[in-house]
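Trainee:
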Amino acid sequence: AQTVTQSQPEMSVQEAETVTLSCTYDTSESDYYLFWYKQPPSRQMILVIRQEAYKQQNATENRFSVNFQKAAKSFSLKISDSQLGDAAMYFCAYRSAWGNSNSGYALNFGKGTSLLVTP
Amino acid sequence: DGGITQSPKYLFRKEGQNVTLSCEQNLNHDAMYWYRQDPGQGLRLIYYSQIVNDFQKGDIAEGYSVSREKKESFPLTVTSAQKNPTAFYLCASSGLGQRPSSSGANVLTFGAGSRLTVL
Numbered sequence: 379a380q381t382v383t384q385s386q387p388e389m390s391v392q393e394a395e396t397v398t399l400s401c402t403y404d405t406s407e408s409d410y411y412l413f414w415y416k417q418p419p420s421r422q423m424i425l426v427i428r429q430e431a432y433k434q435q436n437a438t439e440n441r442f443s444v445n446f447q448k449a450a451k452s453f454s455l456k457i458s459d460s461q462l463g464d465a466a467m468y469f470c471a472y473r474s475a476w477g478n479s480n481s482g483y484a485l486n487f488g489k490g491t492s493l494l495v496t497p
Numbered sequence: 005d006g007g008i009t010q011s012p013k014y015l016f017r018k019e020g021q022n023v024t025l026s027c028e029q030n031l032n033h034d035a036m037y038w039y040r041q042d043p044g045q046g047l048r049l050i051y052y053s054q055i056v057n058d059f060q061k062g063d064i065a066e067g068y069s070v071s072r073e074k075k076e077s078f079p080l081t082v083t084s085a086q087k088n089p090t091a092f093y094l095c096a097s098s099g100l101g102q103r104p105s106s107s108g109a110n111v112l113t114f115g116a117g118s119r120l121t122v123l
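Chains A and B, in that order, give the protein sequences. In short: position in the first sequence from 1, add 378, done, that's my numbering. In short: position in the second sequence from 1, add 4, done, that's my numbering.
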């Protein structure tokens, strides 16, 4: 089974600064998808950004961008110009492109990184 | 508006009782999922279903049961056999297909969650 590791349980950033959250994963597959989800205090899961493994270009969504290193199996999230509303738990997740017998098309999540944004 | 509705938001259970968490979606998604969230543990897959009247165990299915009698509904029953049921439960749904599209198709959409506490 694929494992997703987020090695930073907590991170802190000042407003307007940039922060990078780390994620590594273990897989033998060549075609897959990676995601970052945000969970604010309301606990609603919100998709932040997705990356297709077959694309070399890093995904970007406004202030959010990723650094996808396929050979290193690394998928970090960079948040630029941090805002107070960015404070949340951030989860990295993996999905097989073709689904698998253990979990279909379900996502496999890391344990999360809690991001604190200070004024 | 399309979305996923989970109920109740908060639920209290006495030891030895079964309880059922409701999950309804009007997104016309084929697949539905139940995850459990504990502090520091990320999200762990309990059950998933890709078609009506069929469902598969996830990583932590022991002590839980589900049904999928309608495409829109995927209730989760926490049985008395679940030794430590106090947790936050998240229901999700998605289309089926290889490629998560930019429109959001085949990307997991989550409900607001249900918090279960055993007294």
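No residue lacks a Cβ here, since even glycine has one placed at the ideal position from N, Cα and C.
What distance in whole Å lies between the Cβ atoms of Arg473(A) and Tyr410(A), which are believed to be in contact at a cut-off of 8 angstroms?
Mentor: 6 angstroms
Trainee: Counting contacts by CB-CB distance shorter than 8 angstroms, is Arg428(A) in contact with chain B?
Mentor: yes
Trainee: Against chain B, does Leu399(A) count as a neighbour if the rule is that its beta carbon must be under 8 angstroms from one of theirs?
Mentor: Output row for Leu399(A): interface = no.
Trainee: Run through chain B and tell me which residues come within less than 7 angstroms of Gln380(A), C-beta to C-beta.
Mentor: What Gln380(A) touches in chain B: nothing, since even the nearest Cβ is about 12 angstroms away.
Trainee: From this set, Ser390(A), Tyr403(A), Gln434(A), which residue's C-alpha is nearest Asp464(A)'s C-alpha?
Mentor: Ser390(A)
Trainee: If the cut is a Cβ gap below 8 angstroms, which residues of chain A does Ser98(B) touch?
Mentor: Those within 8 angstroms of Ser98(B) in chain A are Tyr483.
Trainee: Return no unless some Cβ of chain A is closer than 8 angstroms to the Cβ of Tyr68(B).
Mentor: No, Tyr68(B) lies away from the interface with chain A (no Cβ there is under 8 angstroms from its Cβ).
Trainee: From the DSSP output, in three-state form, read off Val463(A) for me.
Mentor: Residue identity differs from the one stated: residue 463(A) is Gly in this sequence, not Val. Helix.
Trainee: For Glu19(B) and Gln434(A), what's the separation of their Cα atoms in angstroms?
Mentor: 52 angstroms
Trainee: At a Cβ threshold of 8 angstroms, is Lys489(A) touching chain B?
Mentor: yes
Trainee: Buried or exposed for Asn110(B), please, with buried defined as at least 16 other CB atoms from any protein chain shown within 10 angstroms of its CB.
Mentor: buried
Trainee: Taking the alpha carbon of Ala525(A) as the point to measure from, which residue in Thr405(A), Ser460(A), Pro497(A) has its own alpha carbon closest?
Mentor: This structure gives no information on residue 525(A), because the portion of chain A shown stretches from 379 to 497.
Trainee: Which residues does DSSP list as the beta-bridge partners of Arg40(B)?
Mentor: Arg48(B), Tyr93(B)
Trainee: I'd like the list of long-range same chain contacts for Thr384(A), defined as Cβ closer than 7 angstroms, with 5 residues on each side in sequence excluded.
Mentor: The displayed chain sequence assigns Gln, not Thr, to residue 384(A). Here the set comprises Ser400, Cys401, Cys470, Gly488, Lys489, Gly490, Thr491.
Trainee: Going straight from the alpha carbon of Val23(B) to that of Asn32(B), what length do you get?
Mentor: 26 angstroms
Trainee: When the cut-off is 8 angstroms and only beta carbons count, does Gln422(A) lie next to chain B?
Mentor: It does: the Cβ of Gln422(A) has a partner Cβ on chain B nearer than 8 angstroms.
Trainee: Assuming Phe453(A) is part of the beta strand (DSSP E), what are its boundary residues?
Mentor: 452 to 457
Trainee: Decide if Thr507(A) is buried, meaning its Cβ has at least 16 other Cβ atoms within 10 Å, or exposed.
Mentor: Because residue 507(A) is not part of the residues shown, which for chain A are 379 to 497, the question remains open.
Trainee: Tell me which same chain residues have a C-beta within less than 8 angstroms of the C-beta of Ile55(B), skipping the five on either side of it?
Mentor: Asp34, Arg72
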